[in-house]
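Enquirer: Read in order, the letters of the sequence shown are residues 2 to 385 in the working numbering. The C-beta atom is built at its ideal place from N, Cα and C for all residues, glycine as well. Being a predicted model, the structure only gives us computed values, none of them experimental. Below: one structure in structure tokens.
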Amino acid sequence: MGVAIACGSIGRGDTPVSARRNRWHATIAGHTPIRGPARIAWTARKHWPINRSMQTSDRATRSEEPQFVAESAEMRRLLDLVTRAAGSEATVLIQGETGTGKELIARTIHRKSPRHAGPFVAVNCGAYTDSLLASELFGHKRGAYTGAVSDRAGVFEAASRGTVFLDEIGAMSPTMQIKVLRVLQERIVTRVGASEERPVDVRVVAATNADLVELVRSRDFREDLYYRVKVITCRIPPLRDRRDDIKPLVDHFLEYFSRAADKQDVRLAPATERVLLECDWPGNVRQLRGEVEQIVAMADTGAVIEPEHLSEELLSDRVAPSPEPTPKADATYQQLLDAWTREVVADRLAGCGGNITKTAQSLDISRSTLYALLKKYGMHGQDG
């Protein structure tokens, strides 16, 4: 079932922001330190009884690879849409399977938005009961329930002038959906056990592993809340539908983890690259990232990674190659020639890192001839 993210803003007017991309890499590293009221609200989080997964501070983010690698035409269009959406305060609905980079898209919107200097706070809505989730989101008054020994601001107050990321919003109960809808509409919160209404100024980003349209039809998700978050729609294609991104992502993660582990010259054999390109990647980019991390962790400096070094799960998930990889016993001369040509082109393309120009030069053929062969055999490469 698909995944949806919604990004909405509360309490600010539209303000255009400039954003640039370098070779279609949406760089999200580096941002302005939090100052003033936003810093006060951000510091208040240390008083929250929250789990580590919620504490998505900028310091934690900087330990991650700082680029959204996107070479395919589909992702270039998506990132262009994300850049334009971030410049406004319009609500954004992002749809995609698990592992496609939903939170990274949400962070990119936050960092390219007028709220980039404010905090980005994440809450997993599916990890709490209604009463605990209400306390986390809206705060509580002293004595509101057993253990509430002092007044405490909730996420919506503490993330003032920033972004609140509500993960798994589809897991919210109807009661909590009504309360969140009220925040989106009225831009106010009421702490648990209190009667005073407090204004809030945040952008809301929500994610779910469920199909919101189906949840609306089954009356498990409020239709008014759904339309409140659906203004601009961005769809993240699964990795299997944008295979042009696999090789750049592999190179990116290989460099990142090799540098982190201080291992030099860890390389993939051409056959290994071919296996990675043929995999279906049901876990999308998250699965690919984990596979490369495992490769680097088990490799020695200067190692050449062969297919047998890959995980058993990945090898079993490998997609069947293009039609007619092996000719039949009664194949004609032309069929035999096609099978041999296909194998040579595939090996040379992998050995050249998918680069069309280098592959054509190594085969001593023109680029147009190579393009025709790639189209004939259902292969893909990169211009360069």
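(1) Where does the unbroken alpha helix (DSSP H) through Q178 begin, and where does it stop?
(2) If you draw a straight line from the alpha carbon of A118 to that of V267, how long is it in whole angstroms?
(3) Would you mind working out which of Y257, N125, L80 sits nearest T109, comparing C-alpha positions?
(4) So, under 8 Å CB-CB, S363 and R349 are touching, yes? Tell me the CB distance rounded to an integer number of Å.
(5) Would you mind working out which of A211, A154, Y146, E137 sits nearest I170, comparing C-alpha positions?
(6) Using the Cα positions of L315 and F139, report the straight-line distance between them to the nearest angstrom.
(7) Check G140 in the structure and name its three-state DSSP category.
(8) May I ask which residues mark the beginning and end of the alpha helix (DSSP H) holding L240?
(9) Out of A71, F258, V124, R78, point me to the one whose CA is closest to D301's CA.
(10) Do three or more CB pairs link the segment 96 to 105 to the segment 225 to 244 at distances below 8 Å?
(11) Can a CB atom of chain B be found closer than 8 Å to the CB of R243?
(12) Using a Cβ-Cβ cut-off of 6 Å (strictly less than) and excluding sequence neighbours within five positions of I233, which residues of its own chain qualify?
(13) Run through DSSP, which three-state label would I110 get?
(14) Tell me which residues share the same chain as L216 and place their Cβ nearer than 7 Å to its Cβ, disregarding the 5 neighbours each side in the sequence.
(15) I1 by DSSP, collapsed to three states: which one?
(16) Let's test the definition: count the other Cβ atoms within 10 Å of the Cβ of S73 and tell me whether it reaches 16, buried, or not, exposed.
(17) Keeping to the same chain, check which residues put their C-beta closer than 8 Å to that of D152; ignore five residues upstream and five downstream.
(18) Measure the alpha-carbon distance for R220 versus F121 and round it to whole angstroms.
(19) Tell me N125's beta-bridge partners as DSSP assigns them.
(20) For L277, tell me which candidate among A351, V181, E158, E256 has the shortest Cα-Cα distance.
(21) Secondary structure at L311, three-state DSSP: helix, strand or coil?
(22) I want to check one thing, is the minimum distance from the CB of R116 to the heavy atoms of the ligand GTP below 7 Å?
(23) Could you check where the alpha helix (DSSP H) with E215 kicks off and where it finishes?
(24) Within the continuous beta strand (DSSP E) that includes P1, where are the two ends?
(25) Can you tell me whether L337 is buried or exposed, with buried defined as 16 or more other CB within 10 angstroms of its CB?
(26) Can you tell which of V205, S174, D242, G148 has the C-alpha that lies nearest to the C-alpha of V184?
(27) Using a threshold of 8 Å, state whether the C-beta atoms of T273 and E294 are closer than that.
(28) Quick one: give me the first and last residue of the alpha helix (DSSP H) that V297 is part of.
(29) Please confirm whether M380 and V345 have their CB atoms less than 8 Å apart.
(30) On the DSSP letters alone, give me the boundaries of the beta strand (DSSP E) that V205 sits inside.
(31) Please classify M380: does DSSP put it in a helix, a strand, or coil?
(32) Could you check which residue in L182, A123, I179, M177 has the C-alpha nearest to that of A160?
(33) Quick check on the DSSP output: the beta strand (DSSP E) that includes V93 runs from which residue to which?
(34) Consult DSSP for A154 and reduce its assignment to one of helix, strand or coil.
Expert: In short:
(1) DSSP places Q178 inside the alpha helix (DSSP H), whose first and last residues are 175 to 187.
(2) Pairing A118 with V267, the inter-Cα distance amounts to about 38 Å.
(3) Taking only the C-alpha atoms, the option nearest T109 is L80.
(4) A Cβ-Cβ separation of about 6 Å places S363 in contact with R349 under the 8 Å criterion.
(5) The alpha carbon of I170 has as its nearest neighbour, out of A211, A154, Y146, E137, the alpha carbon of A211.
(6) So the alpha carbons of these two residues sit roughly 43 Å apart.
(7) In the displayed model, G140 falls within a strand according to three-state DSSP.
(8) Judged by DSSP secondary structure, L240 falls outside any alpha helix (DSSP H); it is assigned neither H nor E.
(9) Among A71, F258, V124, R78, the Cα nearest to that of D301 is on F258.
(10) The segment 96 to 105, when compared against the segment 225 to 244, does touch it at the 8 Å Cβ threshold.
(11) Reference to chain B is not applicable here, since this structure consists of a single protein chain.
(12) Around I233, the same chain offers A86, A91, V93 as residues with beta carbons nearer than 6 Å, after the five sequence neighbours per side are excluded.
(13) In the structure shown, I110 falls within a helical segment according to DSSP collapsed to helix, strand and coil.
(14) For L216, where only same-chain residues beyond five positions count, the Cβ hits under 7 Å are G171, F222.
(15) Absent from the structure is residue 1, since the part of the chain shown begins at 2 and ends at 385.
(16) Around the beta carbon of S73, 16 or more other beta carbons lie within 10 angstroms, which makes this residue buried.
(17) Closer than 8 Å at Cβ, skipping near neighbours: G140, H141, K142, R143, R192.
(18) CA-to-CA, the gap between R220 and F121 works out to about 31 Å.
(19) Its beta-bridge partners are D168.
(20) The closest CA to that of L277, considering only A351, V181, E158, E256, is found on A351.
(21) If DSSP states are grouped into helix, strand and coil, L311 belongs with coil.
(22) For the structure depicted, the ligand GTP is absent and the ligand set is empty, with no information on it obtainable.
(23) Unbroken alpha helix (DSSP H) run through E215: 213 to 218.
(24) Lying before the first or after the last residue shown, residue 1 is absent from the chain, which here runs from 2 to 385.
(25) Exposed: under 16 other Cβ atoms inside 10 Å.
(26) Measuring from the Cα of V184, the nearest candidate turns out to be V205.
(27) Their beta carbons are not under 8 Å apart, which means T273 does not touch E294 by this criterion.
(28) It spans 285 to 299 - the alpha helix (DSSP H) in which V297 sits, taken as one unbroken run.
(29) No, Cβ-Cβ distance for M380 and V345 is not below 8 Å.
(30) Residues 204 to 209.
(31) Coil, per DSSP.
(32) Among L182, A123, I179, M177, the Cα nearest to that of A160 is on A123.
(33) Annotation for V93: the continuous beta strand (DSSP E) segment containing it runs 93 to 96.
(34) Note: A154 maps to strand in three-state DSSP.
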